[in-house]
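Written out below as structure tokens is the structure these notes cover.
2 protein chains.
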Amino acid sequence: MDITWIAVDWGTSNLRAWAMGPAGPLAQATSDEGMGKLAPAEFEPALLRLISPWLTRPTAVLACGMVGARQGWREAKYRATPCTPVDAAGILHVPTHDPRLTFHIAPGLSQDRPADVMRGEETQVAGVLALHPGFDGVICHPGTHSKWVHVSAGEVVSFQTFMTGELFALLSTQSVLRHGMAEGWDDAAFDAGVADALQSPDKFAARLFSLRAELLLHGLTPAQSRARLSGLLIGIELAGAKPYWLGQRVMLVGAPALAASYTRALGSQGLAPETLDATACTLAGLSRLHSQMSQK
Amino acid sequence: MDITWIAVDWGTSNLRAWAMGPAGPLAQATSDEGMGKLAPAEFEPALLRLISPWLTRPTAVLACGMVGARQGWREAKYRATPCTPVDAAGILHVPTHDPRLTFHIAPGLSQDRPADVMRGEETQVAGVLALHPGFDGVICHPGTHSKWVHVSAGEVVSFQTFMTGELFALLSTQSVLRHGMAEGWDDAAFDAGVADALQSPDKFAARLFSLRAELLLHGLTPAQSRARLSGLLIGIELAGAKPYWLGQRVMLVGAPALAASYTRALGSQGLAPETLDATACTLAGLSRLHSQMSQK
């Protein structure tokens, strides 16, 4: 294999690496040694466990994501928006013990007011711009901490994060609602949740308890309950993110099932967002940043 | 002691009992054998461990709370609102093995649309009416599942439950926000959270993540973060409960610290609610129901 560099997406839960050749990825490797499990001294060994078969010579490694957080390998200071999503001038070199490694971290972005931060999505935004040159509009990254990013003239103008996915995980597995939740889905219940939250976001905490009461009184099924909860959470997110999506071209970057839910919810508001593969965007963004570094 | 009957408040987490004499409580006993820890066959032994010193002769025991839930000792069917908060005709007799016990459960209330249920608060509502005859207005029970109850002409007209306290517990101890939370308080941060949620309930999930971002970017302190989270949650509850409190006489029935937070939040909207002691209301309600039973 003619490995020219290694791309790394190092999040809270997972570590993913790609051996990159001149024409794109040659091989992929994944482990569960995410940032959340590692002390600073444990990052280099975790990386080597995954990529040492590829290190036949000194190789540049470029990583994005939570590896650059304050609790990560080493803190990569946020770049302040408005700014381009990635910039070779902002990357952080992290010294390593293994002489075969040259390790760099792409920093996240910050926004002063309203206070907000991202780590990883900025690289996906750069990937969207690489895959769709001249894109002007809004990129939505659904997930644990969903992000809406306004992109114009090649820059991140503003963004806003919603704790939607984390609320869903907590409420469906840790709260009193867990007793009435199960795998499965119900489109009508999801749609009702979206519509309800968009119309009455102030009733959010009451609608949550309604799931419990409707289970007890009206036989709401576990699948209906789970889909309605998802709808309520995505609906209140869409209510809050309306200044982002109203009248805009929207791109969704996320896992297929979640992107399908957001597409359905946005469809109820007359939007038809495009969906891009999250991994493809991450790789395109890291590749763009790597080529910028090489041109320096 | 001239024990004429025994009053019991049996919730999810705790079991509390009072030996009642002709003029009121003579003794109190508490254990942590709440409904949540007990299988149906374990309720009678748990009760006897607490009250057997008082059982010098056959004694009537009247209980309210989650003991009557589907997962409790025995299910006491909800009474449907609108109705009086308690009614001797609705109580459930539960057979016991110990011949000294005559055990009854006060049922909760249900509301068909919007679907809602309560178990325990109905007894406190009866207590408010016993302590303030002719009360007409709104009773707020802040807590894990906060309830707003509209009372008129001695009946519960309607009510609505908000999952406020449970959301606070989950977010402050289980979510990403827990890293920036600590005991302590900050009135200004609480007020800002209340105002923000009342004005923009749709931004709820974004404001949650802001707590994290303001910690990282602007040095929000753990005490400020905790107070702002409480303010956001109480604020969005007040936004949703506005049809209940707007222009109404409001009584708060709850723990002192929590009632003080609600008083402060309602004060920002020009209300000056009265606060009643929750235990006093429970005992007054059980006493009223007990005397109704005796008159049957």
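Line order of the protein sequences matches chains A and B.
First residue of the first sequence: 46, per the working numbering; consecutive thereafter.
First residue of the second sequence: 46, per the working numbering; consecutive thereafter.
Even for Gly, the Cβ is constructed at its ideal location relative to N, Cα and C.
On a predicted model such as this, the values are computed, not experimentally measured, just so you know.
Under 8 angstroms between C-beta atoms of residue 172/B and residue 299/B: Sequence index remark: in the second sequence, residue 172/B carries index 127 (1-based). Sequence index remark: in the second sequence, residue 299/B carries index 254 (1-based). In this structure, residue 299/B does not lie closer than 8 angstroms to residue 172/B by Cβ.
Proximal residues of chain B, C-beta to C-beta of residue 285/A below 8 angstroms: In the first sequence, residue 285/A corresponds to position 240, counting from 1. Within chain B, the residues near residue 285/A are 245, 247, 248, 249, 250 and 251.
Own chain, CB closer than 6 angstroms to residue 72/B, minus 5 neighbours either side, in chain order: Within the second sequence, residue 72/B is the residue found at index 27, counting from 1. The answer, listed in chain order, is 64.
Selected residue, minimal CA-CA separation from residue 315/B, among 154/B, 135/B and 294/B: The sequence position of residue 315/B within the second sequence is 270, counting from 1. For residue 315/B, the nearest C-alpha among the options comes from 294/B.
Cβ contact check for the region 124-133 of chain B and the region 165-180 of chain B: 3 or more pairs under 8 angstroms: yes
Residue span of the beta strand (DSSP E) that contains residue 274/A, given as start and end: Start at 1 with the first residue of the first sequence, and residue 274/A comes out as number 229. Not the beta strand (DSSP E): residue 274/A falls in the alpha helix (DSSP H), residues 267-285.
Contacts of residue 83/A in chain C (Cβ-Cβ under 8 angstroms): Included in the structure are the protein chains A and B, with no chain C among them.
Expected contact under 8 angstroms - CB spacing of residue 154/A and residue 119/A to nearest Å: Position 109 of the first sequence, counted from the start, is the residue given in the question as residue 154/A. Position 74 of the first sequence, counted from the start, is the residue given in the question as residue 119/A. No, residue 154/A and residue 119/A are not in contact; Cβ-Cβ is about 18 angstroms, not under 8 angstroms.
Three-state secondary structure (DSSP) of residue 192/B: Indexing the second sequence from 1 puts residue 192/B at position 147. Residue state, collapsed to three classes: strand.
Under 7 angstroms from the C-beta of residue 80/B: neighbouring residues of chain A: For the purposes of this step, residue 80/B is identified with residue 35 of the second sequence, where counting begins at 1. Simply none; closest approach about 13 angstroms.
Proximity below 8 angstroms, CB of residue 279/A to CB of residue 310/A: Here the question's residue 279/A lines up with position 234 in the first sequence. Here the question's residue 310/A lines up with position 265 in the first sequence. Yes; because the gap between Cβ atoms is below 8 angstroms, this pair is in contact.
Contact set between residue 219/B and chain A, taken where Cβ atoms lie within less than 7 angstroms: Translated into positions along the second sequence, residue 219/B becomes position 174. Correct list: 215 and 219.
Beta strand (DSSP E) runs contained entirely in the region 199-228 of chain A, provided each spans 3 or more residues: 200-207
Beta-carbon proximity check, residue 217/B vs residue 206/B, cutoff 8 angstroms: The residue labelled residue 217/B in the question sits at position 172 within the second sequence. The residue labelled residue 206/B in the question sits at position 161 within the second sequence. No. Outside cutoff.
Beta-bridge pairing of residue 319/A - partner residues as DSSP gives them: Residue 319/A sits at position 274 when you count from the first residue of the first sequence. Looking at the DSSP assignment, residue 319/A forms a beta bridge with 296/A.
Neighbour list for residue 152/A in chain B, Cβ cutoff strictly below 7 angstroms: On the first sequence, position 107 is the one that residue 152/A refers to. By Cβ distance, chain B contributes nothing, its closest Cβ being about 13 angstroms from residue 152/A, past 7 angstroms.
Amino acids of chain B, ordered along the chain, whose beta-carbon sits closer than 7 angstroms to that of residue 212/A: Here the question's residue 212/A lines up with position 167 in the first sequence. Ordered by position in chain B, the residues that pass the 7 angstroms Cβ test against residue 212/A are 250.
Candidates 93/B, 151/B and 162/B, of which the one nearest residue 262/A by Cα: Within the first sequence, the letter at position 217 stands for residue 262/A. Per the Cα distances, 162/B.
Contacts of residue 281/A in chain B (Cβ-Cβ under 7 angstroms): Stepping through the first sequence from its first residue, residue 281/A is reached at position 236. Those within 7 angstroms of residue 281/A in chain B are 247, 249 and 250.
Whole-angstrom C-beta distance between residue 89/A and residue 141/A, which should lie under 8 angstroms: One-based indexing of the first sequence puts residue 141/A at position 96. One-based indexing of the first sequence puts residue 89/A at position 44. So it is a contact: roughly 6 angstroms between Cβ atoms.
Test: residue 148/B CB closer than 8 angstroms to a CB of chain A: Residue numbering aside, residue 148/B sits at position 103 when the second sequence is read from its first letter. Not closer than 8 angstroms to any Cβ of chain A, the Cβ of residue 148/B fails to qualify, so no.
Own chain, CB closer than 8 angstroms to residue 149/B, minus 5 neighbours either side, in chain order: Translated into the one-based positions of the second sequence, residue 149/B becomes position 104. Excluding sequence neighbours, residue 149/B sits near 105, 106, 107, 108, 136, 137, 138, 139 and 338.
Residue 195/B at chain A interface by Cβ criterion, 8 angstroms: Residue mapping note: residue 195/B aligns to position 150 of the second sequence, counting from 1. Closer than 8 angstroms: no.
Exposure of residue 230/A, with buried meaning 16 or more beta-carbon neighbours within 10 Å: By 1-based counting over the first sequence, the position of residue 230/A is 185. Classification of residue 230/A: exposed, given that the 10 Å Cβ count is below 16.
Beta-carbon proximity check, residue 255/A vs residue 152/B, cutoff 8 angstroms: Here the question's residue 255/A lines up with position 210 in the first sequence. Here the question's residue 152/B lines up with position 107 in the second sequence. Not in contact: residue 255/A and residue 152/B (Cβ atoms no closer than 8 angstroms).
Test: residue 226/A CB closer than 8 angstroms to a CB of chain B: Reading the first sequence from its first residue, position 181 is the one you call residue 226/A. Output row for residue 226/A: interface = no.
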